[in-house]
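A.B. asks: The structure under discussion is supplied below as structure tokens; questions concerning it will follow.
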Amino acid sequence: VSETDAAWIDAALTSARPQAVGALLRYFRDLDTAEEAFQNACLRALKTWPQNGPPRDPAAWLIMVGRNAAIDEVRRARKQQPLPEDDQAISDLDDAEGALAERLDGSHYRDDILRLMFICCHPDLPATQQIALALRIVSGLSVKQIARAFLVSEAAMEQRITRAKARVAEAKVAFETPGAVERSERLAAVAAMIYLIFNEGYSASGDTADIRKPLCEEAIRLARLLLRLFQSEPEIMGLTALLLLQHARAAARFDTDGSLILLEDQDRALWNRTMIAEGLALIDKALRHRRSGAYQIQAAIAALHARAERPEDTDWKQIDLLYGALEVIQPSPVVTLNRAVAVSKVRGPQAALEMIEPLAGKLANYFHFYGVRGAFLMQLGRNEEARVAFDRAIALASTSAEAAHIRMHLDRLIRDSQPRGAKAK
Amino acid sequence: MLYAILCYHDEDLVGSWSEEHDAAVMKKLAVVQERLAKQGRLGPVARLLPTTAAATLRKEEPPLVLDGPYAETKEQLLGFYIVDCKNLDDALDVARELGAANPGGAYEIRPVGLFTPGGALK
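These protein sequences, in sequence, are chains A and B. Quick note on numbering: the first sequence equals residues 183 to 607 in the numbering used here. Quick note on numbering: the second sequence equals residues 1010 to 1131 in the numbering used here.
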């Protein structure tokens, strides 16, 4: 297999995978059987595609070959007469391919992929297991690749995936075509899972960012796939836009030492303009539907940052309003805390501080809260109180991947407030 | 005569290319484009964003805006070239060269009736 063939086949197998495994899962109603059938079909593809050229419809080919291989397996297991060796079966495939492709009509195709993604979102599965399972089953990453991205041993990841699969196997997954309500519930769960995958990559610290970047790219690929299946869902547009707009900044987020560079200090020339263009186009489309949602609002906030040529061009007033809207849809002290950052830019640190004071109880153990509070206090020249807040923040600092993201806000606010704090002395 | 070379490919597949593979393909295509440009035969070239970013206006009364591309096809319109060619054979040669740089999918070769280059974009 030449290098060009290998690259092409690899991309074809990856892109056909969700549809093919999804269809095989509907057919066999068992995840392991479906996966094994797909594996067998892939091995066959690696053998025959370089010789015979790519099939017209790789997914249909893989479904057909995988299904036949699995059925043979069952027959062999029953010690029945095995079918004649498969060369003949394969040459018949071209004729059968068309018929099968027809049976894989649009609605099945959509729901197959959605179902495959949805089984990874079982509510009993902790987030890390959902992500690992989705990367294994939907994306087809190897256990080794996933373990590397999660910075754990291969054995630990193998165990995590096996446990998750066992949990999924116990759960009853509906194989009937879902109704509108169920479909939209599935869609929301899958969107959340894709966002988790993205954050797993995005919240990486500088020294691991390169290893975890594929997680962000994979999340974007899955979001685009979901959007292709559900073209008029504004929240899926919002999700895809949000991921693109955040990932567009990837090249500017870390310095050569691997330290995080804050949004305000990033070299905006390094931002990926193509991704930003796609993100902005999607936000434009989404907003026309006038059905607001949390992903759309967060994407709109990211879009305002992306649109600002210089940090001082940022429309903080609009960002304040958008966080206000997000507070209504998805009330959370963390959202209010983020809003307060915008408020500090628009109305000053006193108003921002007043806004976050009521959160003290709920966010008593939240590193970011004390970082933000400390910065507001410093801007007001209340340096002693600020220092107490910062000390508390440092005491609460976790080493989890999340800390990197939190630290970004903290550092920015500290840096911002220093000149004013100094003047107050 | 001007020909539009319309590029169709499976966008899921193109979207599954690694960054490196994508860059390698673009580099190979740039070689072909550069040669055509030097000969003064290359007009506008565009690579389109994914069809998920598209919207379609159906010119009904009143006009209807739909999300997504005009047609749901197995392979999608992902870009185009405008090239000055002597005849169809010549245009096919160009398409073959582009195809060698970027295998898979299909090119529709379509003679251009009216061409308005437009002004320089600001």
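Glycine included, each C-beta is placed from N, C-alpha and C at the ideal position.
Using a Cβ-Cβ cut-off of 7 Å, state whether E460(A) counts as contacting chain B.
C.D. replies: Cβ-Cβ to chain B under 7 Å: yes for E460(A).
A.B. asks: Keeping to the same chain, check which residues put their C-beta closer than 7 Å to that of P200(A); ignore five residues upstream and five downstream.
C.D. replies: Within the same chain, P200(A) has close Cβ partners I295, L298, V320, L407.
A.B. asks: Span of the alpha helix (DSSP H) holding P240(A)?
C.D. replies: 240-259 is the span of the alpha helix (DSSP H), which, as asked, contains P240(A).
A.B. asks: Can you pull the chain A neighbours of A1080(B), defined as C-beta to C-beta under 7 Å?
C.D. replies: By Cβ distance, chain A contributes nothing, its closest Cβ being about 12 Å from A1080(B), past 7 Å.
A.B. asks: Relative to the alpha-carbon of Q428(A), which residue among A488(A), A463(A), L444(A), Q478(A) has its alpha-carbon at the smallest distance?
C.D. replies: Closest by alpha carbon: A488(A).
A.B. asks: If the cut-off is 8 Å on Cβ atoms, which residues from the region 1061-1079 of chain B count as contacting chain A, listed in chain order?
C.D. replies: Listed by position along the chain: T1061, A1062, A1064, V1074, L1075, D1076, G1077.
A.B. asks: Are the beta-carbon atoms belonging to A241(A) and A189(A) less than 7 Å from one another?
C.D. replies: Result no, Cβ atoms of A241(A) and A189(A) do not sit closer than 7 Å.
A.B. asks: Leaving out the 5 sequence neighbours to the left and right, which residues in its chain are closer than 6 Å to G288(A) when beta-carbon positions are compared?
C.D. replies: Confidence at G288(A) is low in this model, with a pLDDT of 47, below 50, so its placement is unreliable and no value can be given for it.
A.B. asks: Whole angstroms is fine: what's the gap from W243(A)'s alpha carbon to T1125(B)'s?
C.D. replies: Rounded to whole angstroms, W243(A) to T1125(B) spans 44 Å at the Cα level.
A.B. asks: Hey, could you find the ends of the alpha helix (DSSP H) C398(A) is sitting in?
C.D. replies: Counting along the chain, the alpha helix (DSSP H) containing C398(A) begins and ends at 391-411.
A.B. asks: Using a Cβ-Cβ cut-off of 7 Å, state whether H1018(B) counts as contacting chain A.
C.D. replies: Not one chain A Cβ lies under 7 Å of H1018(B).
A.B. asks: Does G1049(B) have its Cβ less than 7 Å from a Cβ in chain A?
C.D. replies: No, G1049(B) does not count as interfacial toward chain A.
A.B. asks: Leaving out the 5 sequence neighbours to the left and right, which residues in its chain are closer than 6 Å to A223(A) when beta-carbon positions are compared?
C.D. replies: Excluding positions up to five away in sequence, the list reads L244, V247, G248.
A.B. asks: Output yes if chain B places a C-beta closer than 7 Å to the C-beta of L286(A); else output no.
C.D. replies: Note that L286(A) scores a pLDDT of 49, beneath 50, so its modelled location is shaky; the value from the coordinates is reported in the next line. Cβ-Cβ to chain B under 7 Å: no for L286(A).
A.B. asks: Leaving out the 5 sequence neighbours to the left and right, which residues in its chain are closer than 6 Å to Q448(A) when beta-carbon positions are compared?
C.D. replies: Only A434 meet the Cβ criterion.
A.B. asks: Just confirm the distance between the C-beta atoms of L1051(B) and A459(A), as a whole number of angstroms; I'd bet it's less than 8 Å.
C.D. replies: The pair is not a contact, with the Cβ atoms about 23 Å apart (cut-off 8 Å).
A.B. asks: Can you look up F380(A) in the DSSP assignment and give me helix, strand or coil?
C.D. replies: Residue state, collapsed to three classes: helix.
A.B. asks: Can you name the start and end residues of the alpha helix (DSSP H) that F558(A) belongs to?
C.D. replies: Here the alpha helix (DSSP H) through F558(A) covers 549-561.
A.B. asks: Within 10 angstroms of its Cβ, does Q341(A) collect 16 or more other Cβ (buried), or is it exposed?
C.D. replies: By the 10 Å Cβ count, Q341(A) comes out exposed.
A.B. asks: Please list, in chain order, the chain B residues whose beta carbon lies closer than 8 Å to that of K467(A).
C.D. replies: Within chain B, the residues near K467(A) are A1062, A1064, D1076.
A.B. asks: Can you tell me which of the three DSSP states I443(A) falls into?
C.D. replies: It is coil, neither helix nor strand.
A.B. asks: When you compare each of A259(A), D392(A), L397(A), Y384(A) to G322(A) by their alpha carbons, which one comes out closest?
C.D. replies: The shortest C-alpha separation from G322(A) is found at L397(A).
A.B. asks: In three-state terms, what does DSSP make of Q1085(B)?
C.D. replies: Reduced to three states, the DSSP call for Q1085(B) is strand.
A.B. asks: Run through chain B and tell me which residues come within less than 8 Å of T422(A), C-beta to C-beta.
C.D. replies: Near T422(A) (Cβ distances below 8 Å), the residues of chain B are T1061.
A.B. asks: Could you say which of A1055(B), A1129(B), G1113(B), D1076(B) lies nearest to L469(A) if we only look at CA atoms?
C.D. replies: Among A1055(B), A1129(B), G1113(B), D1076(B), the Cα nearest to that of L469(A) belongs to D1076(B).
A.B. asks: Of all the CB atoms in chain A, is at least one closer than 7 Å to the CB of D1031(B)?
C.D. replies: No, no contact with chain A.
A.B. asks: What's the C-alpha gap between H304(A) and M1010(B)?
C.D. replies: So the two alpha carbons sit approximately 59 Å from each other.
A.B. asks: Apply the 10 Å Cβ neighbour rule to M560(A) and answer buried if 16 or more other Cβ atoms are within range, or exposed otherwise.
C.D. replies: With 16 or more Cβ atoms within 10 Å of its Cβ, M560(A) is classed as buried.
A.B. asks: State the Cα-Cα distance for the pair D214(A) and Y1012(B), rounded to the nearest angstrom.
C.D. replies: For D214(A) and Y1012(B), the distance between alpha carbons rounds to 51 Å.
A.B. asks: List, in order along the chain, the chain A residues whose C-beta lies closer than 9 Å to that of A1108(B)?
C.D. replies: Position check: residue 1108(B) holds Gly in this sequence, whereas Ala was assumed. Going along chain A, no residue has its Cβ under 9 Å from G1108(B), so there is no contact; the nearest lies around 13 Å.
A.B. asks: Mark T344(A) as exposed unless 16 or more other C-beta atoms lie within 10 angstroms of its C-beta, in which case mark it buried.
C.D. replies: By the neighbour-count rule (16 or more Cβ atoms within 10 Å), T344(A) is not buried but exposed.
A.B. asks: For S184(A), count the other beta carbons within 10 Å of its own beta carbon; 16 or more makes it buried, fewer makes it exposed. Which is it?
C.D. replies: Exposed, since its Cβ has fewer than 16 Cβ neighbours within 10 Å.
A.B. asks: Buried or exposed: N250(A), going by 16 or more other Cβ atoms within 10 Å of its Cβ?
C.D. replies: That one is buried.
A.B. asks: Tell me, please, whether the CB atom of D1093(B) is closer than 7 Å to any CB atom in chain A?
C.D. replies: No - not a single Cβ of chain A is within 7 Å of the one on D1093(B).
A.B. asks: Using a Cβ-Cβ cut-off of less than 7 Å, list which residues of the region 188-221 of chain A approach chain B; keep chain order.
C.D. replies: Within the region 188-221 of chain A, the qualifying residues are A189, W190, A193, A194, T196, S197.
A.B. asks: Mind pulling the chain B residues with CB within less than 9 Å of Q512(A)?
C.D. replies: Going along chain B, no residue has its Cβ under 9 Å from Q512(A), so there is no contact; the nearest lies around 24 Å.
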